[in-house]
Amino acid sequence: MKRNNKKGFTLAELLIVVAIIAVLTAIAIPVFTAQLHKSQDATDMANCRSLYANLQADFLTNASSAYTAPTSPLTGAGTGLTGFTFADGQTYTLKSGTVDITLRDDGWYVEYECSQGHGDHWGAPAAGGST
Numbered sequence: 014m015k016r017n018n019k020k021g022f023t024l025a026e027l028l029i030v031v032a033i034i035a036v037l038t039a040i041a042i043p044v045f046t047a048q049l050h051k052s053q054d055a056t057d058m059a060n061c062r063s064l065y066a067n068l069q070a071d072f073l074t075n076a077s078s079a080y081t082a083p084t085s086p087l088t089g090a091g092t093g094l095t096g097f098t099f100a101d102g103q104t105y106t107l108k109s110g111t112v113d114i115t116l117r118d119d120g121w122y123v124e125y126e127c128s129q130g131h132g133d134h135w136g137a138p139a140a141g142g143s144t
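Using this note's numbering, read the sequence shown as starting at 14 and increasing by one per residue.
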C-alpha cells in the first residue's frame, strides 16, 4: 500500500495569510503616518515656542530686537517661513508647516500653522483678536 504523505500548505491557506497581511498593512500605514505627522507637529511647536521665548527675552532686555526683516527664508521676521535662526545662530527648519514672526509695539508675535491647518500662537494677537 502506497502512503500519501503530502506536507505543506494549500493555495487557499496561503491566499488567506496574504489577505490578512494586506489588511493589517492597510490599517497600520495610516496610523503610522498620522503619528509621524503628530510628532513632527509637536517638534515644530516646541521650537516655535522656544523661538518666541528667545525673541521676548531679547525684546525685554534690549527694548528692541536684533531680528530684522528676512535676508533669507531662515532669518528674521516674516510670514510663511519654513524655518528660522535662533539668536545663537542655530538654524531650525520646520518639518510640517510654516511660521509667521511679527514684531509689534508690545513685543513679538509668533504663529505656527502645520500643513494640515492647525497650529498655535505665542504673544499678543493683533488688535481685536484673542489670546
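Just so you know, even glycine gets a beta-carbon here, dropped at the ideal spot from N, CA and C.
Note on geometry: alpha-carbon atoms of L49 and I114 lie some 25 Å from one another. Relative to the Cα of D119, the nearest Cα in the group G91, L68, G132 and L37 belongs to L68.
Counting C-beta pairs closer than 8 Å gives fewer than three between the region 33 to 48 and the region 89 to 102, which falls short of the contact rule. In the structure shown, the three-state DSSP call for R16 is coil.
Put simply, of Y122, C127 and F22 the residue whose alpha carbon is nearest the alpha carbon of T56 is C127. DSSP places L68 in the uninterrupted alpha helix (DSSP H) bounded by L24 to N75. By the beta-carbon neighbour count (other beta carbons within 10 angstroms, threshold 16), G136 is buried. Shown here, L107 sits in coil according to DSSP, grouped into three states, outside any helix or strand. Assigned with DSSP and collapsed to three states, F97 falls in strand. CA-CA distance, R62 to A35, rounds to 41 Å.
In the DSSP assignment, H131 forms no beta bridge with any residue. Just so you know, the alpha carbons of T104 and L37 end up roughly 40 Å apart. Here the C-alpha atom of N18 lies approximately 54 Å from the C-alpha atom of K51.
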